[in-house]
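K.L.:
Sharing a structure below in structure tokens format, with a few things to ask.
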């Protein structure tokens with residue numbers, strides 16, 4: 379789901395640029411009709427290729443999922459949605475998102491401020507560490523967590539003796555998801571922070587604002603779109619995370635099954651309606667997050683007169 | 678409030694931005710820090726504001742040592758070259774920010790903002806966002822914002838540097854009149870000697886992190902302390918070790934009489950002023966500045982031979 383979220387948002391921009399940005403320079407060249415029509419044709423071809431690519435990768439599979447889900451009418455879909463395990467999986471997925479997203483948002487903003495504004499040693503190393511989850515396969519993240527916190531791991535036994543189970547339960551799944559989605563808010567916030575510069579924060583300081591007031595009233599509003607986009611990416615990725623969570627959760631039906639794990643479980647048990655329905659639920663949740671973000675962005679842009 | 682800077686040093690890495698800088702600004706004065714880029718003028722201003730910390734030395738505002746005090750406790754207003762607007766706030770909220778963080782009542786903030794917007798001639802634009810204002814309007818908004826908290830000291834960092842020539846000239850004039858009205862001690866940074874001469878009562882000329890000379894515009898022009906000040910504060914001809922101003926050179930039409938002979942190489946008409954590029958008998962070059970009337974009387978043209986009467990040139994002991 380995370381990839382579909384990213385593709386949708388990115389694809390919207392080149393399309394807009396093609397339809398609005400290009401005609402002006404072309405129209406201003408008088409007596410150059412051959413050139414104009416050939417580049418107009420080129421533009422059309424480019425647009426067709428882009429749309430085809432999207433259709434093959436994203437459109438067709440999505441349409442198929444929706445089609446297969448509702449193939450036999452609404453009744454089986456309703457049954458599949460209200461199946462106890464499906465509902466549990468959805469709530470668990472949401473629960474993990476609701477814990478992971480605030481955690482990584484706070485961490486992300488803090489880390490971005492440190493990396494962009496702070497004077498600290500080993501800054502490069504810190505930045506590399508934050509990017510690690512991008513590079514490492516989620517499976518490896520899951521295995522690593524099991525190695526550290528599992529029964530046979532470094533702390534596993536001590537924690538278990540205190541009654542704390544991390545692996546094969548929700549805490550481990552939260553940790554795995556948090557780790558996998560760690561870089562999004564940081565990486566989306568840093569460029570916005572850099573572009574904003576320090577002038578407005580210093581202006582706030584000279585006007586008598588405390589560091590805390592400056593952060594809440596100047597810095598945070600200034601970077602909110604970067605943070606917001608990071609939050610959407612984090613949400614989408616957290617909802618869709620499969621590999622790391624799959625290893626850490628133990629995939630116990632009705633207990634540690636998130637929506638993606640439930641989809642796979644249904645699929646392997648030849649319950650295609652159940653699998654497709656859960657997949658559609660996942661897609662809708664991710665779409666909802668994207669839509670919410672776009673609406674907020676549009677309203678704010680209108681307000682600030684851009 | 679009077680401002681004193683005592684033996685301030687500041688280093689950025691290997692770059693010595695300020696070396697033993699001391700200045701005195703009297704209460705209510707309008708002072709310019711003038712110098713080329715990299716001369717340390719902005720750093721000095723930011724140290725006075727508390728936005729940078731000096732490596733050594735002290736800053737006193739109204740006799741009180743504020744070297745260790747954060748910017749928000751210094752009672753200053755600061756205006757940035759690129760205005761530093763709060764882009765997500767309306768003009769009203771921008772100007773009222775300082776009062777709002779002090780938790781003043783809403784009505785008081787509204788009244789004060791209205792008053793200030795009238796002062797900076799932005800009446801009726803309170804509900805706009807900064808992106809809907811021109812550069813000059815944004816800079817006036819930034820000024821109103823700085824004045825809202827009734828600072829004891831107003832500091833402006835190249836306030837008109839990012840504006841086009843006409844708006845810049847207007848705002849300069851306006852800043853001087855504003856200063857006459859509200860009498861707040863004001864220091865502004867500029868690299869434009871004309872701007873400094875026109876606006877400031879007192880000019881501090883800086884170069885390479887040091888103060889070259891401080892004085893009134895007239896003192897600097899008439900009695901420059903050294904070669905740098907002389908050439909930075911106005912146009913200059915250099916003949917060996919000697920310096921002379923182009924408008925001090927007198928052109929005489931009769932080469933037989935007194936004075937040194939020179940060949941007219943080029944005549945440039947700049948409206949009222951005419952620039953005459955000259956070559957002396959020994960090959961040295963210089964230029965003179967004359968009025969249109971003089972140029973007409975002398976019937977100046979290229980290739981003409983003239984006599985020059987040179988004033989006593991200025992020679993500085995140590996260049």
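Protein chains in written order, with my numbering: chain Y, 379 to 684; chain L, 678 to 996. We put the beta carbon where it would ideally sit given N, CA and C, even for glycine.
1) Pop quiz: residue 508 (chain Y) and residue 489 (chain Y) are said to be a contact at Cβ under 8 Å. What is the actual Cβ separation, rounded to whole angstroms?
2) Shorter than 8 Å from the beta carbon of residue 685 (chain Y) to some beta carbon of chain L?
3) Thinking just about the alpha-carbon of each residue, which of Y:609, Y:524, Y:641 and Y:584 is nearest to the one in residue 549 (chain Y)?
4) Could you pull out every residue in the same chain whose Cβ sits closer than 7 Å to the Cβ of residue 931 (chain L), ignoring the five residues on either side in sequence?
5) Taking all protein chains shown into account, do 16 or more other C-beta atoms lie within 10 angstroms of the C-beta of residue 951 (chain L), making it buried, or fewer, making it exposed?
6) Mind listing the chain Y neighbours of residue 736 (chain L)? Cutoff is C-beta to C-beta under 8 Å, in chain order.
7) Between residue 596 (chain Y) and chain L, is the shortest Cβ-Cβ distance under 8 Å, so that the two count as touching?
8) Could you tell me which residues DSSP puts in a beta bridge with residue 558 (chain Y)?
9) Helix, strand or coil, according to DSSP, for residue 714 (chain L) in the structure here?
10) Would residue 753 (chain L) pass as an interface residue toward chain Y - the criterion being a Cβ-Cβ separation below 8 Å?
11) For residue 964 (chain L), which three-state DSSP category applies?
12) Which class does residue 905 (chain L) belong to by DSSP, given the choice of helix, strand or coil?
13) Give the DSSP-derived three-state secondary structure of residue 976 (chain L) in the structure shown.
14) Strictly below 7 Å CB to CB, what residues from chain Y border residue 994 (chain L)?
15) If the cut-off is 9 Å on Cβ atoms, which residues from the region 740 to 751 of chain L count as contacting chain Y, listed in chain order?
16) Beta-carbon of residue 496 (chain Y) versus every beta-carbon of chain L: anything under 8 Å?
17) Which residue spans inside the region 866 to 921 of chain L form an unbroken beta strand (DSSP E) run of at least 3?
18) Out of curiosity, what's the CA-to-CA distance linking residue 542 (chain Y) and residue 627 (chain Y)?
19) With a threshold of 8 Å between beta-carbons, can residue 600 (chain Y) be considered close to chain A, or not?
20) For residue 688 (chain L), which residues in the same chain have their Cβ closer than 7 Å to its Cβ, ignoring the five residues on either side in sequence?
21) If residue 977 (chain L) sits next to residue 921 (chain L), beta carbons under 8 Å apart, how far is it from one beta carbon to the other, in whole angstroms?
22) By a C-beta neighbour count over all protein chains shown, 10 Å radius and 16 as the cutoff for buried, is residue 974 (chain L) buried or exposed?
23) Quick one: is residue 779 (chain L) near chain Y, going by C-beta distance under 8 Å?
24) Helix, strand or coil: which one does DSSP assign to residue 797 (chain L)?
25) Run the CB neighbour count on residue 511 (chain Y), radius 10 Å, all protein chains shown included, and call it buried at 16 or more, exposed below.
26) Does DSSP classify residue 487 (chain Y) as helix, strand or coil?
27) Would residue 808 (chain L) be called buried (16 or more neighbouring beta carbons within 10 Å of its own) or exposed?
28) Using the three-state DSSP reduction, which class does residue 463 (chain Y) fall into: helix, strand or coil?
29) When you compare only the Cα positions, how much space is there between residue 904 (chain L) and residue 994 (chain L)?
30) In chain order, what residues of the same chain lie with their CB nearer than 8 Å to the CB of residue 870 (chain L), ignoring the 5 residues before and after it?
31) Buried or exposed for residue 894 (chain L), going by 16 or more other Cβ atoms inside 10 Å?
32) Please confirm whether residue 828 (chain L) and residue 753 (chain L) have their CB atoms less than 8 Å apart.
33) Using the three-state DSSP reduction, which class does residue 534 (chain Y) fall into: helix, strand or coil?
34) Classify residue 588 (chain Y): buried if its beta carbon has 16 or more other beta carbons within 10 angstroms, exposed otherwise.
35) DSSP beta-bridge partners for residue 984 (chain L)?
36) Taking the CB atoms as reference points, tell me whether residue 727 (chain L) and residue 684 (chain L) lie closer together than 8 Å.
P.N.:
Inspection of the coordinates gives the following:
1) 6 Å
2) Outside the modelled stretch of chain Y, which goes from 379 to 684, sits residue 685 (chain Y), for which no answer is possible.
3) Y:524
4) 984
5) buried
6) Residues of chain Y passing the Cβ test: none, with the nearest at roughly 14 Å.
7) yes
8) Looking at the DSSP assignment, residue 558 (chain Y) forms no beta bridge with any residue, so it has no partner.
9) coil
10) yes
11) strand
12) helix
13) coil
14) What residue 994 (chain L) touches in chain Y: nothing, since even the nearest Cβ is about 42 Å away.
15) 747, 748, 749, 750 and 751
16) no
17) 879 to 884, 887 to 892, 914 to 916 and 919 to 921
18) 15 Å
19) Here the protein chains are Y and L, and chain A is not one of them.
20) 694 and 732
21) Not quite, the Cβ-Cβ distance comes to about 19 Å (not below 8 Å), so this is no contact.
22) exposed
23) yes
24) coil
25) buried
26) helix
27) exposed
28) helix
29) 9 Å
30) 711, 909, 910 and 911
31) buried
32) yes
33) helix
34) exposed
35) L:929 and L:938
36) no
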